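A.B. asks: Top line first, the protein sequences correspond to chains A and B.
Residues 62 to 379 (the numbering used here) are what the first sequence spells out, left to right.
Residues 62 to 379 (the numbering used here) are what the second sequence spells out, left to right.
There are 2 protein chains.
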Amino acid sequence: MEVHYELPLGGAHLAYRAAEAGHDVVLCDPSFDISEESMERLESAGVELVTDDTAGVEHGEIQILFTPFGHTVKIARELLDDVREGAVLCTTCTCPPIALYHGLEGELRTKREDVGVSSFHPAGIPGAETQDLILVADARSEESGIELASEEQVERCVNLAEDMGYDVYVLDPELISSIGDMSVVLTVRIVQAICNYFSVARICGAPIEMIEEQVEEVLSTMAYLVGRYGLDAFDRMDGKLLLRSLRNMALTEDVERVVDFFERCYVDLLSGDRESMRELSSMMVPPDKLVDRVREIVGEAPVQYARRRFFEERRWGS
Amino acid sequence: MEVHYELPLGGAHLAYRAAEAGHDVVLCDPSFDISEESMERLESAGVELVTDDTAGVEHGEIQILFTPFGHTVKIARELLDDVREGAVLCTTCTCPPIALYHGLEGELRTKREDVGVSSFHPAGIPGAETQDLILVADARSEESGIELASEEQVERCVNLAEDMGYDVYVLDPELISSIGDMSVVLTVRIVQAICNYFSVARICGAPIEMIEEQVEEVLSTMAYLVGRYGLDAFDRMDGKLLLRSLRNMALTEDVERVVDFFERCYVDLLSGDRESMRELSSMMVPPDKLVDRVREIVGEAPVQYARRRFFEERRWGS
Numbered sequence: 062m063e064v065h066y067e068l069p070l071g072g073a074h075l076a077y078r079a080a081e082a083g084h085d086v087v088l089c090d091p092s093f094d095i096s097e098e099s100m101e102r103l104e105s106a107g108v109e110l111v112t113d114d115t116a117g118v119e120h121g122e123i124q125i126l127f128t129p130f131g132h133t134v135k136i137a138r139e140l141l142d143d144v145r146e147g148a149v150l151c152t153t154c155t156c157p158p159i160a161l162y163h164g165l166e167g168e169l170r171t172k173r174e175d176v177g178v179s180s181f182h183p184a185g186i187p188g189a190e191t192q193d194l195i196l197v198a199d200a201r202s203e204e205s206g207i208e209l210a211s212e213e214q215v216e217r218c219v220n221l222a223e224d225m226g227y228d229v230y231v232l233d234p235e236l237i238s239s240i241g242d243m244s245v246v247l248t249v250r251i252v253q254a255i256c257n258y259f260s261v262a263r264i265c266g267a268p269i270e271m272i273e274e275q276v277e278e279v280l281s282t283m284a285y286l287v288g289r290y291g292l293d294a295f296d297r298m299d300g301k302l303l304l305r306s307l308r309n310m311a312l313t314e315d316v317e318r319v320v321d322f323f324e325r326c327y328v329d330l331l332s333g334d335r336e337s338m339r340e341l342s343s344m345m346v347p348p349d350k351l352v353d354r355v356r357e358i359v360g361e362a363p364v365q366y367a368r369r370r371f372f373e374e375r376r377w378g379s
Numbered sequence: 062m063e064v065h066y067e068l069p070l071g072g073a074h075l076a077y078r079a080a081e082a083g084h085d086v087v088l089c090d091p092s093f094d095i096s097e098e099s100m101e102r103l104e105s106a107g108v109e110l111v112t113d114d115t116a117g118v119e120h121g122e123i124q125i126l127f128t129p130f131g132h133t134v135k136i137a138r139e140l141l142d143d144v145r146e147g148a149v150l151c152t153t154c155t156c157p158p159i160a161l162y163h164g165l166e167g168e169l170r171t172k173r174e175d176v177g178v179s180s181f182h183p184a185g186i187p188g189a190e191t192q193d194l195i196l197v198a199d200a201r202s203e204e205s206g207i208e209l210a211s212e213e214q215v216e217r218c219v220n221l222a223e224d225m226g227y228d229v230y231v232l233d234p235e236l237i238s239s240i241g242d243m244s245v246v247l248t249v250r251i252v253q254a255i256c257n258y259f260s261v262a263r264i265c266g267a268p269i270e271m272i273e274e275q276v277e278e279v280l281s282t283m284a285y286l287v288g289r290y291g292l293d294a295f296d297r298m299d300g301k302l303l304l305r306s307l308r309n310m311a312l313t314e315d316v317e318r319v320v321d322f323f324e325r326c327y328v329d330l331l332s333g334d335r336e337s338m339r340e341l342s343s344m345m346v347p348p349d350k351l352v353d354r355v356r357e358i359v360g361e362a363p364v365q366y367a368r369r370r371f372f373e374e375r376r377w378g379s
């Protein structure tokens, strides 16, 4: 992958591109760990460089947070009082917009109802050759019914990105990370695994509804296992057991190759045994079904609480 | 895969093997759609053949339900009054044991507390050459705290399977399906995708906790999408968007191959566009976290209700 080195990557690149597109840009960085030359190029494009975050948050109608991992929520909370009236705060690859929303929820629902939350996610490193799109979080999270921003605030982000020459996708606030973050590598492989399983199961004559249910249950089970045990779940799994079950499904050449590949490359990684397998607790109930049913009988509040606590406790910090 | 054709596969094979091992076996089948020769071989091994299910359920200390898809719960409920005192009902590949438990829960917690539920899952077709193990569901589902059977009932199933020459694994009742059913093909591929992502993310310097969280979130997101939209989720996804994001992660040769493979074989399958992507609602909160938090504030009852309703509504029937 080639990279244009004439400018620093990341936030500085976005600032440069926005200024080149005629926008009035303030770039805040407490340290400015970039070359003299880069700073000159930024300033000649019209970017104002400041080391004081407050100067930035008082200025921007759109505030793009190219903040370090695990610090976004804390930084935004400290600066929120000074944020310009009606501004929209946009997370990038270091924090999902819904996590920032929940982190600031108390203030956003009371004294700062004017402020919106969205994303300006570059789905890559701004300035890298192949980075050519921006993911903007939609105004509303359909599942939770939460309004993170106004339609106008989202439109504002879309317009800025388009002015900067980007192709823009507006996505559900909770879909941004799986599509835009590094973990898209996993998303894509899971999509492939599901498409492939679907064709295998169809060959075996399974009805579509059954396949859908199986896919959902396997995904929920795996999400549960990783949630409970972290990656240690895989040290507890017994690769030989999986292989023996898998072999019995080798009804097509395609699956025979899956068996062969698993046996050669993965069986030994799953170093658990009969005992460690027995100790794995599990749950096959999927998240959407849990939420729907809990809502049905005790209402929205416990679901919102569960969501909020989840986002507070994650790596995005609080 | 070669198969021993001298006996019918499936339930009849299990009956034959149990009888050969010296157990007293009744094989119930309302139709007996098998050859004269097979019936003779079963009878000469000591299997009693009956067409009346009631005769079977009155007899067995272990009752293995090789029942058709979608009918297990209904059949078991109709016969439950006649089930032998202290028997354990075992599902196979057509129903997860926890689904049968929830389907009979009212009776099992009142007038039939003596009856247990487990599994005798062959993880393949009994009688097929490579089929050499039995998965027995553990007495207790750790996550839900539900006791499906007594320790003695589980031990009874383990002993029978061992008598029959099988290798036995005892697993959490909710793990049986992902390991034993046809969907193990998907389980294995997801395990591979996660192991692979882990090494990619480590090369990029991501801390382990962050990788674990990302994995869990992607799995939850995908479980949610498949739960909400079924396999139609993939028709709504825009393969070109995924590809463009993925390309920006091609920092190793390994990922370059993932990009290449996805581009050649899968991009066109994901035929959605900007609009259909925008309409996908999503949720990244994982099932275990939802359950933990809901329990924390409104107690166990709504969680149990949600679980029960989920199992009632699935393909296993009610």
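Positions of the beta carbon are idealized from the N, C-alpha and C atoms, including for glycine.
None of these values were measured; they are calculated from a predicted model.
Determine, using beta carbons only, whether A:ASP349 comes closer than 9 Å to chain B.
C.D. replies: Counting from one through the first sequence, the residue named residue 349 of chain A turns up at place 288. With 9 Å as the cut-off, A:ASP349 counts as an interface residue toward chain B.
A.B. asks: Against A:ALA222, what residues of chain B qualify as contacts under a CB-to-CB distance less than 8 Å, listed in chain order?
C.D. replies: Mapped onto the first sequence, residue 222 of chain A falls at position 161. Result: empty, since nearest Cβ-Cβ is about 13 Å, beyond 8 Å.
A.B. asks: Considering just the uninterrupted stretch of the alpha helix (DSSP H) at A:TYR230, what are its terminal residues?
C.D. replies: Position 169 of the first sequence, counting from 1, holds the residue named residue 230 of chain A. That residue, A:TYR230, is in no alpha helix (DSSP H); its beta strand (DSSP E) goes 228 to 232.
A.B. asks: Who are the neighbours of B:ALA73 on chain A, taking C-beta pairs under 7 Å?
C.D. replies: Position 12 of the second sequence, counted from the start, is the residue given in the question as residue 73 of chain B. The premise fails here: B:ALA73 is roughly 18 Å from chain A at the closest Cβ pair, so nothing lies under 7 Å.
A.B. asks: Let's test the definition: count the other Cβ atoms within 10 Å of the Cβ of A:ASP228 and tell me whether it reaches 16, buried, or not, exposed.
C.D. replies: Residue numbering aside, residue 228 of chain A sits at position 167 when the first sequence is read from its first letter. With fewer than 16 Cβ atoms within 10 Å of its Cβ, A:ASP228 is classed as exposed.
A.B. asks: Quick check on A:THR152: does DSSP put it in helix, strand or coil?
C.D. replies: Counting from 1 along the first sequence, the entry for residue 152 of chain A is found at position 91. The answer is strand: DSSP assigns A:THR152 an E or B state.
A.B. asks: Do you know offhand how far B:CYS151's Cα is from A:ARG335's?
C.D. replies: For the purposes of this step, residue 151 of chain B is identified with residue 90 of the second sequence, where counting begins at 1. For the purposes of this step, residue 335 of chain A is identified with residue 274 of the first sequence, where counting begins at 1. For B:CYS151 and A:ARG335, the distance between alpha carbons rounds to 20 Å.
A.B. asks: When the Cα atoms are used, what is the spatial distance from B:ASP389 to A:CYS156?
C.D. replies: Examination of residue 389 of chain B is not possible in this model, given that chain B is present from 62 through 379 alone.
A.B. asks: Per DSSP, what kind of secondary structure is B:ARG370 in: helix, strand or coil?
C.D. replies: Locating residue 370 of chain B in the second sequence gives position 309, counting from the first residue. Here B:ARG370 sits in helix by DSSP.
A.B. asks: Sorted by chain position, which residues of the same chain lie with C-beta nearer than 8 Å to B:MET62's C-beta, five sequence neighbours on each side aside?
C.D. replies: The count along the second sequence starts at 1 and reaches residue 62 of chain B at position 1. A caution first: B:MET62 carries a pLDDT of 43, below 50, which makes its placement in the model unreliable, though a value can still be read off. Around B:MET62: ALA189, GLU190, THR191.
A.B. asks: Which residue wins for smallest C-alpha separation from A:ASP293, given the options A:SER337, A:PRO347, A:THR248?
C.D. replies: Taking the first residue of the first sequence as position 1, residue 293 of chain A is located at position 232. Taking only the C-alpha atoms, the option nearest A:ASP293 is A:SER337.
A.B. asks: By Cβ distance, which residues of its chain are closer than 6 Å to A:VAL64, with the 5 residues on each side in sequence left out?
C.D. replies: Counting from one through the first sequence, the residue named residue 64 of chain A turns up at place 3. Low local confidence applies: a pLDDT of 46 at A:VAL64 is under 50, so the model's placement there is unreliable, with the coordinate-based value given in what follows. So the list reads ALA189, once near-sequence residues are dropped.
A.B. asks: Output needed for B:ALA210: all residues of its chain with C-beta closer than 8 Å, excluding positions within five of it in sequence on either side, in chain order.
C.D. replies: Reading the second sequence from its first residue, position 149 is the one you call residue 210 of chain B. The residues are VAL149, GLY177, VAL178, SER179, ALA198, ALA200.
A.B. asks: Is the beta carbon of A:LEU351 closer than 9 Å to that of B:LEU280?
C.D. replies: Residue mapping note: residue 280 of chain B aligns to position 219 of the second sequence, counting from 1. Residue mapping note: residue 351 of chain A aligns to position 290 of the first sequence, counting from 1. Against a cut-off of 9 Å, the Cβ pair of A:LEU351 and B:LEU280 comes out as no contact.
A.B. asks: Would you kindly work out how many angstroms separate the C-alpha atoms of A:SER260 and A:MET345, rounded to a whole number?
C.D. replies: For the purposes of this step, residue 260 of chain A is taken as residue 199 along the first sequence, with counting starting at 1. For the purposes of this step, residue 345 of chain A is taken as residue 284 along the first sequence, with counting starting at 1. Roughly 22 Å separates the two Cα atoms.
A.B. asks: Can you look up A:GLY394 in the DSSP assignment and give me helix, strand or coil?
C.D. replies: This structure gives no information on residue 394 of chain A, because the portion of chain A shown stretches from 62 to 379.
A.B. asks: Give a yes or no on whether 9 Å exceeds the smallest Cβ distance from A:GLU235 to chain B.
C.D. replies: Looking up residue 235 of chain A in the first sequence gives position 174. Yes - at least one Cβ of chain B is within 9 Å of the one on A:GLU235.
A.B. asks: Quick check on B:GLU97 - is its C-beta less than 9 Å from some C-beta in chain A?
C.D. replies: Translated into positions along the second sequence, residue 97 of chain B becomes position 36. Not an interface residue.
A.B. asks: When we look at the beta-carbon of A:GLY185 and count the other beta-carbons within 10 Å, is it buried (16 or more) or exposed?
C.D. replies: Counted from its first residue, the first sequence places residue 185 of chain A at position 124. Classification of A:GLY185: buried, given that the 10 Å Cβ count is 16 or more.
A.B. asks: Alpha carbon to alpha carbon, how far is A:ILE251 from B:GLU146?
C.D. replies: Translated into the one-based positions of the first sequence, residue 251 of chain A becomes position 190. Translated into the one-based positions of the second sequence, residue 146 of chain B becomes position 85. C-alpha separation (whole angstroms): 46 Å.
A.B. asks: For A:ASP50, which residues does DSSP report across the bridge?
C.D. replies: A query on residue 50 of chain A cannot be resolved here, the shown segment of chain A reaching from 62 to 379 and no further.
A.B. asks: Beta carbons nearer than 8 Å to chain A: which residues of the region 287 to 298 of chain B have them?
C.D. replies: Listed in sequence order: VAL287, GLY288, ARG289, GLY291, LEU292, PHE295, MET298.
A.B. asks: What does a CB cutoff of less than 6 Å around A:ALA262 pick up in its chain, not counting 5 residues either side in sequence?
C.D. replies: Position 201 of the first sequence, counted from the first residue, corresponds to residue 262 of chain A. Result list for A:ALA262: ILE272, in chain order.
A.B. asks: What are the start and end residues of the alpha helix (DSSP H) that includes B:CYS326?
C.D. replies: In the second sequence, residue 326 of chain B corresponds to position 265, counting from 1. From DSSP, the alpha helix (DSSP H) with B:CYS326 extends over 314 to 326.
A.B. asks: Which word fits A:PRO347, buried or exposed, when buried means at least 16 other C-beta atoms lie within 10 angstroms of its C-beta?
C.D. replies: Here the question's residue 347 of chain A lines up with position 286 in the first sequence. A:PRO347 comes out buried.
A.B. asks: Considering A:LEU286, what are the terminal residues of the alpha helix (DSSP H) in which it resides?
C.D. replies: Locating residue 286 of chain A in the first sequence gives position 225, where the first residue counts as 1. Its alpha helix (DSSP H) spans residues 269 to 290.
A.B. asks: Please identify the residue among B:LEU103, B:ASP94, B:VAL355 whose C-alpha is closest to the C-alpha of B:ARG78.
C.D. replies: If you number the second sequence from 1, residue 78 of chain B lands on position 17. For B:ARG78, the nearest C-alpha among the options comes from B:LEU103.
A.B. asks: Does the CB of B:LEU209 have a neighbour CB from chain A at under 9 Å?
C.D. replies: Indexing the second sequence from 1 puts residue 209 of chain B at position 148. Closer than 9 Å: no.
A.B. asks: Which of the three DSSP states is assigned to A:ALA362 in this structure?
C.D. replies: Translated into the one-based positions of the first sequence, residue 362 of chain A becomes position 301. Of the three classes helix, strand and coil, the one that applies to A:ALA362 here is helix, per DSSP.
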